[in-house]
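Quick note: the sequence shown, position 47, residue 64 per this note's numbering, numbers continuous.
All C-beta atoms, glycine included, are put in the ideal place defined by N, C-alpha and C.
Each remark here refers to the structure printed beneath this line.
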Amino acid sequence: MKSKLPVIVGSIFAAYLAFVAVVVLVYEPTVDEMDWEDRQAYINAKLTEISIGQSITQIKSLMGKADFSEAKMANESTLQVLFYRTHHTKSDGETTRDECTPLLFRDQKLIAWGDASYQEYLTPNNTSITNSSNNDI
């Protein structure tokens, strides 16, 4: 009488290989699950698709979780900055703000992005933040 063990083991192995093939071919990681290089390229591509006036919720769903964020009140408006990594400066295993592009929001709406807009945000009680894009990446 022949043993059924080799058939069972072979069937389990074949099922495992089929499962792995499906996962590899079908699974798409979310932006938050990507490694840093893929995420950085993804964010750079998505920066070309954003526009002034988009809500912070739309931006977060498009670009994922920000690497850093800041917020403050100015002239009865809420200003918030989300930082997304867009370029690599040194291989130290850490993402720093100088490797990120800031996106500036007033009352939950995108009003500007890029380093120049962040410098205006840093100015105390600045009223000159305009509704134009500063795409300094």
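Whole-angstrom distance between residue j and residue i, CA atom to CA atom
{"i": "Asp-49", "j": "Lys-19", "result": "51 Å"}
{"i": "Val-98", "j": "Gln-75", "result": "15 Å"}
{"i": "Tyr-33", "j": "Ser-86", "result": "42 Å"}
{"i": "Val-26", "j": "Ala-38", "result": "18 Å"}
{"i": "Arg-123", "j": "Glu-111", "result": "29 Å"}
{"i": "Glu-54", "j": "Asp-115", "result": "16 Å"}
{"i": "Leu-127", "j": "Gly-81", "result": "15 Å"}
{"i": "Glu-109", "j": "Gln-57", "result": "Going by the sequence as given, residue 109 is Asp instead of Glu. When rounded, the distance between both Cα atoms is 16 Å."}
{"i": "Phe-30", "j": "Pro-23", "result": "10 Å"}
{"i": "Thr-113", "j": "Glu-45", "result": "27 Å"}
Member of the options whose CA lies at the smallest distance from the CA of residue i
{"i": "Glu-137", "options": "Asp-124, Ala-32, Leu-96", "result": "Leu-96"}
{"i": "Ser-68", "options": "Asp-124, Val-24, Trp-130", "result": "Trp-130"}
{"i": "Tyr-135", "options": "Phe-100, Ser-94, Lys-126, His-104", "result": "Phe-100"}
{"i": "Leu-139", "options": "Gly-81, Lys-77, Ala-88, Ser-94", "result": "Ala-88"}
{"i": "Asp-132", "options": "Met-80, Lys-107, Thr-103", "result": "Thr-103"}
{"i": "Thr-47", "options": "Phe-36, Lys-77, Ala-35", "result": "Lys-77"}
Buried versus exposed, by CB contacts within 10 Å (16 or more), residue i
{"i": "Ile-60", "result": "buried"}
{"i": "Ala-83", "result": "buried"}
{"i": "Thr-65", "result": "exposed"}
{"i": "Ser-72", "result": "exposed"}
{"i": "Thr-118", "result": "buried"}
{"i": "Gln-125", "result": "exposed"}
{"i": "Leu-120", "result": "buried"}
{"i": "Leu-42", "result": "exposed"}
{"i": "His-105", "result": "exposed"}
Sequence-distant residues of its chain with Cβ nearer than 7 Å to residue i (five each side left out)
{"i": "Lys-63", "result": "Leu-79, Met-80"}
Same chain only: Cβ atoms within 6 Å of residue i, ignoring 5 sequence neighbours per side
{"i": "Ser-94", "result": "Arg-123, Asp-124"}
Distance cut-off 6 Å: residue i Cβ against heavy atoms of the ligand ZN
{"i": "Ser-28", "result": "The ligand ZN is not part of this structure, which contains no ligands at all."}
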